[in-house]
Amino acid sequence: MPPPSLAPFIIKRPWLLNMLKPVAQLYANAAGYRQLGLRADDLISEENETVLQALKRLPPKQSYDRIFRIRRAVQLSLSHKLLPKNEWTKPEEDVPYLGPLVEQLENEIKEREALDTLEVVKKH
Amino acid sequence: MISRSALTRGSQLALRRPCAAKLAQRGYAAVASPKASYEPTDIAGVKVAARDDHGPTTRLAVVAKAGTRYEPLPGLTVGLEEFAFKNTQKRSALRIVREAELLGGQLTSYHTREALVLQANFLREDLPYFTELLAEVISQTRYTTHEFHEEVEDVIHAKQAKLGAVAVALDAAHSAAFHSGLGAPLYPTSNTPVASYLNENSVAAFAEVTYSKDNIAVVADGASQAGLSKWIEPFFKAVPATSPEPLSTPASKYFGGEQRIPKTGISALVLAFPGAALGASSPETAVLVGLLGGNSSIKWSPGFSILSKATAAAPGAHAQASNYAYSDAGLLTIEISGAPSAVRKVAEESVKALRSVADGSVSKEDLVKAIAKAKFDLLSQSETSGTGLVHAGASLIHGVKPLQVAETVKALESVTSDKLKAAAKGLLEGKASVAAVGDLFVLPFAEDLGLKKRSHSRTASKSPLRNPPIMTFAWKAAGITYNRYLAVASRVVRRSLKEEKRLAAEPRGETEVRFAKWSGGKPGEPKNLAEANAADIITRAGAA
Numbered sequence: 001m002p003p004p005s006l007a008p009f010i011i012k013r014p015w016l017l018n019m020l021k022p023v024a025q026l027y028a029n030a031a032g033y034r035q036l037g038l039r040a041d042d043l044i045s046e047e048n049e050t051v052l053q054a055l056k057r058l059p060p061k062q063s064y065d066r067i068f069r070i071r072r073a074v075q076l077s078l079s080h081k082l083l084p085k086n087e088w089t090k091p092e093e094d095v096p097y098l099g100p101l102v103e104q105l106e107n108e109i110k111e112r113e114a115l116d117t118l119e120v121v122k123k124h
Numbered sequence: 001m002i003s004r005s006a007l008t009r010g011s012q013l014a015l016r017r018p019c020a021a022k023l024a025q026r027g028y029a030a031v032a033s034p035k036a037s038y039e040p041t042d043i044a045g046v047k048v049a050a051r052d053d054h055g056p057t058t059r060l061a062v063v064a065k066a067g068t069r070y071e072p073l074p075g076l077t078v079g080l081e082e083f084a085f086k087n088t089q090k091r092s093a094l095r096i097v098r099e100a101e102l103l104g105g106q107l108t109s110y111h112t113r114e115a116l117v118l119q120a121n122f123l124r125e126d127l128p129y130f131t132e133l134l135a136e137v138i139s140q141t142r143y144t145t146h147e148f149h150e151e152v153e154d155v156i157h158a159k160q161a162k163l164g165a166v167a168v169a170l171d172a173a174h175s176a177a178f179h180s181g182l183g184a185p186l187y188p189t190s191n192t193p194v195a196s197y198l199n200e201n202s203v204a205a206f207a208e209v210t211y212s213k214d215n216i217a218v219v220a221d222g223a224s225q226a227g228l229s230k231w232i233e234p235f236f237k238a239v240p241a242t243s244p245e246p247l248s249t250p251a252s253k254y255f256g257g258e259q260r261i262p263k264t265g266i267s268a269l270v271l272a273f274p275g276a277a278l279g280a281s282s283p284e285t286a287v288l289v290g291l292l293g294g295n296s297s298i299k300w301s302p303g304f305s306i307l308s309k310a311t312a313a314a315p316g317a318h319a320q321a322s323n324y325a326y327s328d329a330g331l332l333t334i335e336i337s338g339a340p341s342a343v344r345k346v347a348e349e350s351v352k353a354l355r356s357v358a359d360g361s362v363s364k365e366d367l368v369k370a371i372a373k374a375k376f377d378l379l380s381q382s383e384t385s386g387t388g389l390v391h392a393g394a395s396l397i398h399g400v401k402p403l404q405v406a407e408t409v410k411a412l413e414s415v416t417s418d419k420l421k422a423a424a425k426g427l428l429e430g431k432a433s434v435a436a437v438g439d440l441f442v443l444p445f446a447e448d449l450g451l452k453k454r455s456h457s458r459t460a461s462k463s464p465l466r467n468p469p470i471m472t473f474a475w476k477a478a479g480i481t482y483n484r485y486l487a488v489a490s491r492v493v494r495r496s497l498k499e500e501k502r503l504a505a506e507p508r509g510e511t512e513v514r515f516a517k518w519s520g521g522k523p524g525e526p527k528n529l530a531e532a533n534a535a536d537i538i539t540r541a542g543a544a
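These protein sequence lines map, in sequence, to chains C and D. Note that UniProt numbering gives residue 100 to position 100 of the first sequence, counting from 1, and the numbers run on in steps of one. Note that UniProt numbering gives residue 100 to position 100 of the second sequence, counting from 1, and the numbers run on in steps of one.
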C-alpha cells in the first residue's frame, strides 16, 4: 500500500505543476541518489511480493542495467566517493521504469480482491 | 373394496405414472426431431453458419483459418490458442473468466490442423455478452510479455508433457504423408525447437494476419438468427475486413514414407493412407473406416470389428481406424498402441485384414454393419456440437460445401462390396505413410508389414515431367563405379589444362597396377589394370 500522495492532485493542475517542478527537481538533486548514478525507481524497496513480481517482469536489458547501477552505488558508498559529475544521473534519465509495473500489479491484485468479494444482485 | 394399505404412496405414484409418462413422451418427441444442418449466411461481411434447435443453451465459436497448416513459423498456432481470453484492451483475463463464470458460461480454445477455434458455451439469453467477448478477444487482445512468460509458456509446457506416443505417431505420419503444410505437427513436442520462433510479438503478428473477416467464420449452434444478425454487426465492426498479408496456402500433396522415433513408455504405430477430403464424395472411405472399426461399442468387450478381432490376439493393445478429413486432402489411419510386441502383432494382423478386404472376403452382414456404423458416426458427429461446429466452420472458411447430412447418408447406403474392395485395393497399392514411435527394436518397418513406401512404377511413368531424373548420380546411371567416374573426370580436367601445366599433371594420372585372378589356389596371368579397364569399357560399349 503506497503512502498517501499529493502528486495526483498537483498533476491535475498544470499551473501548480509548473510552479512546483523546480522545487521537486531541487529535492531530487538534494536527495543524493543521482550523485551515485541511481534512478528514483532503484530506491523502491524490493522486499515484498509485488515488487519481486514486478522485477521479474522487467525486460532483461533493464534488469541488467538496474543491477549494474545498484552495484556501482554500493561500491561508491563503501568507498565514500561520488561519481564524477558528468556521470551523475541526468534529470531526463531519471524516468520511472519499475513504478508503472508495480502499479499494474497492484491494480491486478485490487481487481482480484474486488472480484473475490463480489456480491451478485439478481435482476430477475 | 380396496384396502387402505393398497392406497399407499407407492400405488398412488403408480397410478399417476401413465399420465406422467405421456407428458415425458411429449417432451422427448419434440427433442427427437432431427437436427438441421448449418445454414451459411453473411452478416456484415462476417461468414456465419447457424442452426437453431430452440434449446436452452448456445454454442458460439469463432473458427479461424489459423491451424498448424497455416502457421508461418512453428508453434504460432499453439501460442495464439493459449493467448485466447487473456488481457484485452478493455478488461483483464481474470475479469473475462469471472464474468463468464457468473453467467454460467464456458470458454475454450483449441485447434485442429486447419482451424483455430475459440468457443463459448452459454445460456441462450447471454448471446450479446459472449458475441461481444469473442469479437473483443480476436480484435483487442494485448499479447503482453508477462502473460506469455507467466501463463502461456507454462501451459504449453504442461501440454507438451502430456503428449502420448499416439499423438507423436500421428504427427509423424502426417509429416511423412504431407511434408509441410498439413504435415506440421499438431502440437510441437518438447524436443521441437520453437523457442526461437514463438514469442508474444510473433503471436501478435500472426493474430493480425489471421483475425480478419475473410479468414474467420462464426458458427452458432442454438442461437436465433435474429439475435445473431443483431449482435454480430456492431461487435465485429473492429475486426478488419481483409488480412494485411494473405496466408500462403499451397495445395496439399500426398508423398508417403516412413518415420521412426524412439520413445520410452508405450509404443504406437500409425499406418496411414490417402483418405477422403472434407466435402469429397467418397462414401467408401467412411464405410471402410466403419468396417475396420476398432473402438468397441459395448463395455468389457473388444468388439467385433476387423481391428478389434486383430487386437484379440494381443491383449493390451488398442487399434482404431479413422479418417482425418481436411479441405483438400484426407488421411485414413490405423492407429495401434500398446506394448511394443503387441503393437507389432496387431500391425501384422491388421495389414492381413486389410488385404482380405481387398480380396473381397467381406460378408454381406459385415458390410451392413459397417454402413450402419458409418451412418451413426456421421449423424452423431453432426449432432454433438464439438466436431460438427468445427466442421461447419472449416468448410465455411475453405469455401467447401458444408456437410449435407441427408445426401451423405444416402451415399453411404449406396456403397457395395465391390466398391469397398476397390477402395481397400487402392489403399494397399498406393504409397503408405508409416510412423513408428516407441521401442524401435521391436516395432516393424513398413516393408516388414508388406506395405509399399513407393508407388508403382506404372504410376511413376505416367507423369515423367513431374519426377525429373536426378542428375546428382549421373555416374550411377551410366553404370560405372565411383572410382572409375573419378578417374574419367580427373583425366578430362588434366587434358584441358594449358600445355606446360598439362605436362606436369599428366604423370599423376598414370597408374601402374598389376593384378592377377587367383583360381584353384594358383595365381592366374598378371594383367595391367589400366589395360584391363580399357578392354572392359570396350566390351561394355559393345554390349550396350
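Quick reminder that beta carbons are idealized off the backbone N, C-alpha and C, glycines included.
- In the three-state reduction of the DSSP assignment, residue 335 of chain D falls in the strand class, which pools E and B.
- Look at residue 241 of chain D here: in three-state DSSP terms it is coil, with no helix or strand label.
- Within the segment 69-99 of chain D, contact with chain C at the beta-carbon level (separation under 8 Å) is assigned to 92, 94, 95, 98.
- In the structure shown, the three-state DSSP call for residue 221 of chain D is strand.
- If only uninterrupted alpha helix (DSSP H) runs of at least 4 residues are considered, those enclosed by the segment 413-451 of chain D are 417-429, 446-449.
- DSSP places residue 351 of chain D in the uninterrupted alpha helix (DSSP H) bounded by 340-358.
- Between residue 338 of chain D and residue 318 of chain D, the CB-CB gap stays under 9 Å.
- Counting C-beta pairs closer than 8 Å gives fewer than three between the segment 438-453 of chain D and the segment 298-317 of chain D, which falls short of the contact rule.
- Residue 47 of chain D: member of the beta strand (DSSP E) spanning 46-51, first to last residue.
- Between residue 258 of chain D and residue 441 of chain D, the alpha-carbon positions lie close to 15 Å from each other.
- Residues of chain D with a Cβ closer than 8 Å to the Cβ of residue 102 of chain C do not exist; the shortest Cβ-Cβ separation is about 13 Å.
- Within the DSSP bridge table, the entry for residue 94 of chain D names no partner.
- As a beta-bridge residue in DSSP terms, residue 522 of chain D pairs with D/519.
- For residue 120 of chain C, the C-beta contacts it makes with chain D under 7 Å involve 102, in order along the chain.
- Taken through DSSP and simplified to helix, strand or coil, residue 104 of chain D comes out as coil.
- Take residue 516 of chain D, set aside five residues on each side of it, and the residues of its chain with a beta-carbon closer than 8 Å to its own are 523, 524, 525, 526, 527, in chain order.
- No Cβ-Cβ contact shorter than 9 Å links residue 79 of chain D with residue 218 of chain D.
- Here residue 347 of chain D is not near residue 332 of chain D, since their CB atoms are 9 Å or more apart.
- Here residue 250 of chain D is not near residue 330 of chain D, since their CB atoms are 9 Å or more apart.
- Between residue 69 of chain C and the set C/89, C/6, C/30, the nearest pair of CA atoms involves C/89.
- Beta-bridge partners of residue 259 of chain D (DSSP): D/435.
- Sequence-distant Cβ neighbours of residue 411 of chain D in its own chain, meaning closer than 8 Å and more than five residues away, are 281, 283.
- By the C-beta criterion, the segment 73-84 of chain C is judged not to be in contact with the segment 51-61 of chain D, since fewer than 3 inter-stretch pairs fall below 8 Å.
- By the Cβ test, the segment 238-249 of chain D is in contact with the segment 125-139 of chain D, since at least three Cβ pairs between them sit closer than 8 Å.
- Shown here for residue 214 of chain D: same chain residues with a beta carbon closer than 8 Å to its own, the five before and five after excluded, namely 241, 242, 243 in chain order.
- Of all residues in the segment 147-166 of chain D, the ones placed with a Cβ closer than 9 Å to any Cβ belonging to chain C are 149, 150, in chain order.
- Residue contact with chain C for residue 145 of chain D: present (Cβ-Cβ distance below 9 Å to some residue of chain C).
- Within the same chain, and ignoring the five residues on either side of residue 73 of chain C in sequence, the residues whose Cβ sits closer than 7 Å to its Cβ are 36, 37, 38.
- Non-local C-beta neighbours of residue 186 of chain D in its own chain, meaning closer than 8 Å and more than five positions away in sequence, comprise 68, 111, 112, 113, 167, 170, 171, 174, ordered along the chain.
- Cβ proximity to chain D below 8 Å picks out nothing from the segment 39-54 of chain C.
- Leaving aside the five residues that flank residue 308 of chain D on each side, the residues in its chain whose CB is nearer than 7 Å to its CB run, in chain order, 293, 294, 296, 302.
- For residue 106 of chain C, no Cβ of chain D is located within less than 9 Å of the residue's own Cβ.
- When DSSP states are grouped into helix, strand and coil, residue 123 of chain D belongs to the strand group.
- The Cβ of residue 57 of chain C sits closer than 9 Å to at least one Cβ of chain D.
- The beta carbon of residue 279 of chain D lies closer than 7 Å to those of 395, 400, 401 in the same chain, with the five residues before and after it left out.
- With respect to chain D, the C-beta atom of residue 66 of chain C has no partner C-beta closer than 9 Å.
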